[in-house]
Amino acid sequence: MRGGMILAAAVLCLAACAKPHPGFKNQYTDKNGRVHTVETIPAGNKKEAIMATPNKSAKTKRKPIEITRATKADWARYSRKDPDRPTLEELDLLRDQLSRCWSIQAGARYSKDLKVEVRVTVSPQRRILTAEIIDQWRFERDNYFRAAADSAIRALNSKECNPLELNPSKYDQWKDMIIEFDPSEFI
Amino acid sequence: MKVLYALMALIFLATPAQAQLRVPVTKGKIEPVPIAISPFYPERPEFAQLANEMPEIITNNLRGSGLFKPVSPGAFIQDAASIQKEGPRFAEWRAINAPALVTGSVTRAPDGRTRVEFRLWDVFSQKQISGMAYMTTPQNSRRIAHIISDEVYKRITGEEGYFDSRIVYISESGPSTNRSKRLAIMDQDGANHRYLTEDGTLVLTPRFSPTAQEVTYMSYKGGKPRVYLYNIDSGRQEILGDFPGMTFAPRFSPDGNKIVMSMSQNGNTDLYEMNLRSRQSRKLTDTNGIDTAPCYSPDGRQIVFESDRGGTQQLYTMGADGGGAKRISFGQGRYANPVWSPRGDLIAFIKMSGGQFYLGVMRPDGSGERLITQAYHVEGPTWSPNGRVLAYWKQSGSSAKVHTIDITGYNERVMPTPRDASDPAWSPLNQ
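Quick note, the sequences are listed as chains A and B, same order. Just so you know, we're using my numbering here: the first sequence kicks off at 370 and counts up by one. Just so you know, we're using my numbering here: the second sequence kicks off at 4 and counts up by one.
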């Protein structure tokens, strides 16, 4: 009786084509024998993203760069060799700022495996210019990952994280960087 | 090959200027996501009430989940009419700190039906990230609002929603010596409350079928304990069988074809399964202890249950055929009422320790035990269809109420019920 109350559902298949609700099919017959169909309507807004999330071209062009993770000792050695490199203190300041902007979905399923890597470009005024999810393949296929990636992008777009707390004199070091949002320690 | 990788790593270490800066962020804030839910645009004056009600229901749903923080409509700069005409002015929504925006409209379809449309926007990327439209009659607006809430929840959290679902429970009234217990049902937000059984009959432990809008429950109608099967949509009831010695209603298997139950025979309580088609029963356990409160895993391959076969009341898992029983609870106190999460990752249970009752969750192997709420008396956990929220009943003094809580232990809420409430059972998503 309740299922038959809804007369029809139409799905707007848009940027992220939502599946019909489990209770609805493309076509079904109600208890009175009436057939109802789903309609498809094109997306209404064609504006391009200012922030690239996701960047469709990245699917084929960009691949994650494999970089050996530096230890604290390595980092200290780099800083000594290269005074332009951000110091550990400067990096901690940035990490603390990003932590304050990042709202985590506590209790999310598979949170142990939801590390999101975002390639960002930053203006000399220390504002995020572009933010691009590196793993586009997973972004387009995994709802959990997509939600985690969206939360990372929200953090990078938030007022609290613009401008970033970076040393302006080391612009060449941080104008293009990869930020890894890893929620595995939560839950 | 390994040598090559090592050489490449050394090159990176030796030439730091070429290494791209990587910044790991492993901490964050556990905070609800701000979301703006704009009033819907009514195409005609007669749709105005519907256009106002739907955003209210969506707002209450999302706020009630504890994962969203709806922005106050008083802060909105752009109105529904201009959204309908020109689309969202994103700068204005960014200005009020709304990273997500829900807009909608109520119009008349060419065939005369009411068309409700919603769109979910990512304000920062200025993109529409979800959208659906439904054609219906105005009296179905509540359910449409729940379905829209589920879509928004799913797109932003990655998990299925649970708003288009219902809860059955036992409505209680009268003095403790002559307590009336009736079966009642309501939407998960407390709306559309109604009674399913008459006053004056003792009913207990309702359980939802995972595949149909059917409920089993125990009834002592005529002084005889019987298990009934109640179809909520049709109102049809049938007796599943007489089960002397049964204290809990059976639980369905995930495919809805079998039930598992405990029965007491000759002073010993063991677990049985029954095929609902053939009505054939099979004994699953045969120990001297009391084996009771069985519940299937979502894949139907395992059963979790409570037993005192080891000397104290503890939780065990075993294969669905009754083999390979294994104790999984090892903390202090006694454990009871295990219920497997629909997403399979957790088992909810009741723990009794130090004169207090606790609601807790643990992984199916018994690891990661977390106690998420505590009271003088807590019982009857039941999972929301997405495995994210638990409903249970809590007694304080002479009053009992159904509560809900997020699995993180945040956002405990009391379900609004006209009378005292116990033994909740959460439905699957409506069909």
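C-beta: ideal position from N, C-alpha, C; glycine also. Since this is a predicted model, take the numbers as computed values, not measurements.
Endpoints, beta strand (DSSP E) assigned at residue i
| i | result |
| --- | --- |
| Thr117 of chain B | Thr117 to Asp125 |
| Arg111 of chain B | Ala103 to Arg111 |
| Glu501 of chain A | Ile497 to Ile502 |
| Trp343 of chain B | Arg337 to Trp343 |
| Gln240 of chain B | Gln240 to Asp245 |
| Tyr222 of chain B | Strictly speaking, residue 222 of chain B in this sequence is Ser, with Tyr absent from that position. Taken as a continuous stretch (DSSP letters only), the beta strand (DSSP E) holding Ser222 of chain B covers Glu217 to Ser222. |
| Trp396 of chain B | Val392 to Ser399 |
| Trp435 of chain B | Because chain B is modelled from 4 through 434, residue 435 of chain B falls outside the range shown and cannot be assessed. |
| Trp471 of chain A | Segment: none, Trp471 of chain A is in no beta strand (DSSP E) and carries neither H nor E. |
| Asp423 of chain B | Asp423 to Trp429 |
| Asp409 of chain B | Ser402 to Asp409 |
| Gln317 of chain B | Gln317 to Gly322 |
| Val36 of chain B | Val36 to Ile40 |
Between the CA atoms of residue j and residue i - distance to the nearest angstrom
| i | j | result |
| --- | --- | --- |
| Gly77 of chain B | Asp294 of chain B | 57 Å |
| Val417 of chain B | Glu382 of chain B | 14 Å |
| Gly67 of chain B | Val155 of chain B | 14 Å |
| Asp545 of chain A | Gln494 of chain A | 13 Å |
| Tyr223 of chain B | Lys184 of chain B | 10 Å |
| Glu415 of chain B | Thr407 of chain B | 6 Å |
| Thr106 of chain B | Ile40 of chain B | 6 Å |
| Thr29 of chain B | Thr288 of chain B | 46 Å |
| Asn531 of chain A | Ala524 of chain A | 10 Å |
| Glu486 of chain A | Arg507 of chain A | 11 Å |
| Val109 of chain B | Leu65 of chain B | 21 Å |
| Ser144 of chain B | Ser237 of chain B | 22 Å |
| Gln240 of chain B | Pro209 of chain B | 13 Å |
| Phe514 of chain A | Tyr319 of chain B | 33 Å |
| Arg422 of chain B | Arg312 of chain B | 38 Å |
| Ile353 of chain B | Phe211 of chain B | 20 Å |
| Asp519 of chain A | Ile159 of chain B | 8 Å |
| Glu276 of chain B | Gly292 of chain B | 18 Å |
| Ala412 of chain A | Asp192 of chain B | Residue placement at Ala412 of chain A is poorly supported in this model, since its pLDDT is 39, which falls under 50; the coordinates are not used for a value here. |
| Ser85 of chain B | Asn195 of chain B | 34 Å |
Residues sharing a beta bridge with residue i, DSSP
| i | result |
| --- | --- |
| Cys298 of chain B | B:Val307 |
| Phe352 of chain B | B:Gly363 |
| Arg169 of chain B | B:Asp190 |
| Ser271 of chain B | Per the sequence shown, the amino acid found at residue 271 of chain B is Asn instead of Ser. DSSP, once it has assigned bridges, lists B:Gln268 as partnering Asn271 of chain B. |
| His196 of chain B | According to DSSP, which records beta bridges pairwise, His196 of chain B is partnered with nothing at all. |
| Gln2 of chain B | Outside the displayed range of chain B (4 to 434) lies residue 2 of chain B, so it cannot be described from this structure. |
| Tyr233 of chain B | B:Val218 and B:Gln240 |
| Leu207 of chain B | B:Met221 |
Any chain B beta carbon closer than 8 Å to residue i
| i | result |
| --- | --- |
| Asp545 of chain A | yes |
| Asn424 of chain A | Because Asn424 of chain A sits at a pLDDT of 33, beneath the cut-off of 50, its placement in the model cannot be relied upon, and the following sentence gives the value as read from the coordinates. No, Asn424 of chain A lies away from the interface with chain B (no Cβ there is under 8 Å from its Cβ). |
| Phe508 of chain A | no |
| Arg496 of chain A | no |
| Glu549 of chain A | yes |
| Pro552 of chain A | yes |
| Ser538 of chain A | no |
| Ile473 of chain A | yes |
| Ser468 of chain A | yes |
| Tyr455 of chain A | Residue identity differs from the one stated: residue 455 of chain A is Pro in this sequence, not Tyr. Answer yes: the Cβ-Cβ gap between Pro455 of chain A and chain B drops below 8 Å somewhere. |
| Gln542 of chain A | yes |
| Leu462 of chain A | no |
Residue i: first and last residue of the uninterrupted alpha helix (DSSP H) it sits in
| i | result |
| --- | --- |
| Met57 of chain B | Ala51 to Ser68 |
| Phe550 of chain A | No alpha helix (DSSP H) contains Phe550 of chain A, which is instead part of the beta strand (DSSP E) from Asp545 to Phe550. |
| Asp519 of chain A | Asn512 to Asn526 |
Chain A contact for residue i (CB, 8 Å cutoff)
| i | result |
| --- | --- |
| Leu3 of chain B | This structure cannot settle anything about residue 3 of chain B, because the visible part of chain B is limited to 4 through 434. |
| Phe71 of chain B | no |
| Leu199 of chain B | no |
| Gly369 of chain B | no |
| Leu374 of chain B | no |
| Gln191 of chain B | no |
| Phe255 of chain B | no |
| Phe246 of chain B | no |
| Phe211 of chain B | no |
| Pro23 of chain B | First, the amino acid is wrong: residue 23 of chain B is Gln here, not Pro. It does: the Cβ of Gln23 of chain B has a partner Cβ on chain A nearer than 8 Å. |
| Phe127 of chain B | yes |
Q | Cβ-based contacts, 9 Å cut-off: residues of the region 513-527 of chain A near chain E | A | Any reference to chain E falls outside this structure, whose protein chains are A and B.
Q. In the region 26-60 of chain B, which residues sit with their C-beta less than 7 Å from some C-beta in chain A, listed in chain order?
A. Val26, Pro27, Val28, Thr29, Lys30, Gly31, Lys32, Ile33, Glu34 and Val36
Q: Taking only beta carbons into account, state which residues of the region 78-101 of chain B come closer than 9 Å to chain A, listed in chain order.
A: Here the close residues are Gly90, Pro91, Phe93, Arg97 and Asn100.
Q: Scan the region 143-176 of chain B for residues whose Cβ lies nearer than 8 Å to a Cβ of chain A and list them as they occur along the chain.
A: Residues passing the 8 Å Cβ filter: Asn143, Arg146, Ile147, Ile150, Asp153, Glu154, Lys157, Arg158, Ile159, Thr160, Gly161, Glu162 and Asp167.
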